[in-house]
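Trainee:
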Amino acid sequence: MIRVGTPQQWFSVLPSTASQQTWVPLPEGCASSVVGGISDCGDSRGVWPFESEESNGFQTSKSSTWQAIGLYELFIEEHLGLDGNGLFGYDSVGLGESGPLTEHQVVGGVATPNYWLGLLGLGANYTNFSEDERPSSLLRTLKDEGNITSLSYGYTAGAPYSVGSGVLAVIDSTVPDLWLPQAWCDLFEDAFGLRYVEETGRYLVDDEKHMELQRLQPTLTFALGASITGGTVTRFDLPYAAFDLQGQYPVFPNATRYFPIRRAENDSQYTIGRVFLQEAYLTVDSERGIFNISQAKFSNPMPPADLVAILPPDAADSTPGSSPTTIGDSQAAESGLSGGAIGGIVVGAVGALVILAALMFWWLRRRRTRSQLRKWPDAEPAEQSAENPPLPKYGGELGGSPANVSELSDGKTRADTASPMSRHEAASATPLSEAAGREKYEAEGSNTFSEADGTQRFEAEGSTPMHEAAGTPRFEVQGDTRQAVHEAEGSTPRAIYELSAS
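Residue numbers (our numbering): 2 to 503.
In structure tokens:
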């Protein structure tokens, strides 16, 4: 915002890194022959009311300090086809509401719609009207009068599309979507051309827009920090491919391309779901009450696994209150959030009893379904013996009466299809039983994950090992709770670690 003339006339202008002059609109630029009679022409061109009346531009005749020079070409963007003429002269120019006021500055009045808003030139060059007339730029005058220390400036155009302040949100891998304030969703809708469907509460992407987004490959940047305003943040870049998803039944009757954001009704629903965790790596140490989240790295080929145990606080070489041990690439983890950020992002995202940390590659190999509990509701419990002792009873993560955990394998081989398989587990009084064909092996090796008791146990099916810490109970939600685990065909073995909260 600048002030021009005496008395002062106000204008909202754009900074120009290509010019050293001050340009403001003229009333002639709002003539019907130029713009077709737009009712709010002056306001849309950044002209403020003058003498309590609407104004369409700089009224030179009402400024007592105006000194006309003449008409000159507007050449700064001529190479882009943006040309025209301007009425130039000298007048006073002030910055902001109470900023410095400089006299005898070059002011150009423009009527062409090629320059709809006025300009504040940031250049330091002189203007050559003739060999004898080379007035200083505004920047040079500000320096000469002691208002600035040097002929320098800094500038950013700002980000009106940015959401600005943040919100407290839960990191929850249970749900796929990002649950955000509606104002944020509106920004996504405008930027990506999404279509909101009330019946499903989802945003859809049509084929034409999808092809355009694939061509443009935009990147979305999320900033996570310990506070919703200010402080240190960690930035995560998510490509459009992370949001290029297809949903099907029961949300849609058939495969439908959608954008995984949802409108939160209130702040209790703000949630960061799995779509974000596709590009981030989360490590949680519930015994110390700290966690780390970092940008995930996917190199091709993937480097060899380098697992480092997170020791309990009472371990001999563990320091209470220390930062969580890095798992995997140390450089990636160093960019993550510190333990103090847990109150700023996670609000009850981690269960109180057990933390299941699954270390996996980009896509996971499909796991065979364990759906026999529904097929054979009358299945008899396995006979209890010394080799098959009854499991202790524990309460579920979400409450309910104590129950054992039962697992029944359907005995099928791995499916070589593209459709995901599901794994179903339910709490009952049935001890842990496994169908024939699964052998158990116990061995020591360097590629193990040790718990506080230092015991390793390996269960292997064929050549695919599954590692579980010996003696560690698994807590499941009592009832008909199902968890789908999808694994990409042909990937390397996946290790599942269960940490007991002591």
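A virtual CB, placed ideally from N, CA and C, is assigned to each residue, including glycine.
(1) Please classify I311 as buried or exposed, where buried requires at least 16 other C-beta atoms within 10 Å of its C-beta.
(2) Is F277 helix, strand or coil when you go by DSSP?
(3) How many Å lie between T230 and R236 at the Cα?
(4) Kindly provide the ranges of any alpha helix (DSSP H) runs that are 4 or more residues long and lie completely inside the segment 66 to 123, ordered along the chain.
(5) Can you tell me whether R216 is buried or exposed, with buried defined as 16 or more other CB within 10 angstroms of its CB?
(6) Please classify S386 as buried or exposed, where buried requires at least 16 other C-beta atoms within 10 Å of its C-beta.
(7) Going residue by residue through the segment 232 to 314, where are the continuous beta strand (DSSP E) segments of at least 3 residues, counting only ones entirely within it?
(8) Since L179 and F277 should fall inside the 8 Å C-beta cutoff, what is the C-beta to C-beta distance between them, to a whole number of angstroms?
(9) Count the CB pairs spanning the segment 47 to 55 and the segment 69 to 88 that are closer than 8 Å, and state whether there are at least three.
(10) In whole angstroms, give me the CA-to-CA distance for L15 and S33.
(11) What does the alpha-carbon distance come out to for the pair S93 and W117?
(12) Looking at the unbroken beta strand (DSSP E) that takes in G226, where does it start and where does it end?
(13) Could you compute how far the alpha carbon of L195 sits from the alpha carbon of A158?
(14) State the DSSP-derived secondary structure class of Q60, mapped to helix, strand or coil.
(15) Is it buried or exposed for S131, if we count other Cβ within 10 angstroms and need 16 for buried?
(16) For a test of the three-state rule: what should DSSP assign to L195, helix, strand or coil?
(17) Is it buried or exposed, L27, if we count other Cβ atoms within 10 angstroms and call 16 or more buried?
(18) Quick check: what's the CA-CA separation for W11 versus A243?
(19) Under a three-way DSSP split, which group does W185 fall into?
(20) According to DSSP, is V168 part of a helix, a strand, or is it coil?
(21) Can you tell me whether L27 is helix, strand or coil according to DSSP?
(22) Name the two residues that bound the continuous beta strand (DSSP E) containing V5.
(23) Evaluate E288 with the Cβ neighbour count: other Cβ atoms within 10 Å of its Cβ, from every protein chain shown; 16 or more gives buried, anything less gives exposed.
(24) Please state whether DSSP places V206 in a helix, a strand or coil.
(25) Give the single residue among Q21, D238, R258, F292 whose Cα lies nearest to the Cα of N129.
(26) V5 to I39, Cα distance in whole Å?
(27) Is the beta carbon of P177 closer than 7 Å to that of P261?
(28) Which residues does DSSP list as the beta-bridge partners of F51?
(29) If you check the beta carbons only, do G119 and L88 fall under 7 Å apart?
(30) Measuring alpha carbon to alpha carbon, tell me which of A192, G202, L140 ends up nearest G155.
(31) Tell me which residues share the same chain as T61 and place their Cβ nearer than 6 Å to its Cβ, disregarding the 5 neighbours each side in the sequence.
(32) Out of L239, N301, N267, M303, which one is the CA nearest neighbour of S295?
(33) Taking the CB atoms as reference points, tell me whether V198 and R258 lie closer together than 7 Å.
Mentor: According to the structure data:
(1) Classification for I311: buried.
(2) DSSP places F277 in helix when its eight states are reduced to three.
(3) Roughly 14 Å between the two C-alpha positions.
(4) Within the segment 66 to 123, no complete alpha helix (DSSP H) segment of 4 residues or longer occurs.
(5) An exposed status is given to R216, since fewer than 16 other beta-carbon atoms sit within 10 Å of its beta-carbon.
(6) Low confidence applies to S386: its pLDDT is 43, below 50, so where it sits in the model is not reliable, and the reading given next is rough at best. That one is exposed.
(7) Runs of the beta strand (DSSP E) spanning 3 or more residues and lying entirely within the segment 232 to 314 occur at 234 to 240, 246 to 248, 257 to 260, 262 to 264, 281 to 286, 291 to 296, in chain order.
(8) Rounded, the Cβ-Cβ distance is 6 Å, consistent with contact.
(9) The answer is no - the segment 69 to 88 does not touch the segment 47 to 55, with fewer than three Cβ pairs under 8 Å.
(10) Approximately 24 Å, taken between the alpha carbons.
(11) So the two alpha carbons sit approximately 22 Å from each other.
(12) Annotation for G226: the continuous beta strand (DSSP E) segment containing it runs 220 to 226.
(13) Each residue's alpha carbon lies about 26 Å from the other.
(14) Coil.
(15) S131 should be labelled exposed.
(16) Reduced to three states, the DSSP call for L195 is coil.
(17) L27 should be labelled buried.
(18) Their backbone Cα atoms lie some 47 Å apart in a straight line.
(19) Helix, per DSSP.
(20) When DSSP states are grouped into helix, strand and coil, V168 belongs to the coil group.
(21) Looking at L27 - three-state DSSP - the assignment turns out to be coil, as it is neither helix nor strand.
(22) Under the DSSP assignment, V5 falls in the beta strand (DSSP E) whose first and last residues are 3 to 5.
(23) With a 10 Å radius around the Cβ and a threshold of 16 neighbouring Cβ atoms, E288 comes out buried.
(24) If DSSP states are grouped into helix, strand and coil, V206 belongs with coil.
(25) Per the Cα distances, Q21.
(26) For V5 and I39, the gap between their C-alpha atoms comes out near 24 Å.
(27) Judged by their CB atoms, P261 and P177 are nearer to each other than the 7 Å cut-off.
(28) Residue pairing by DSSP places F51 opposite E54 in a beta bridge.
(29) Result no, Cβ atoms of G119 and L88 do not sit closer than 7 Å.
(30) Taking only the C-alpha atoms, the option nearest G155 is L140.
(31) For T61, where only same-chain residues beyond five positions count, the Cβ hits under 6 Å are W67.
(32) Of L239, N301, N267, M303, the residue nearest in Cα terms is L239.
(33) Judged by beta-carbon spacing, R258 lies beyond the 7 Å limit of V198, meaning their Cβ atoms are not closer than that value.
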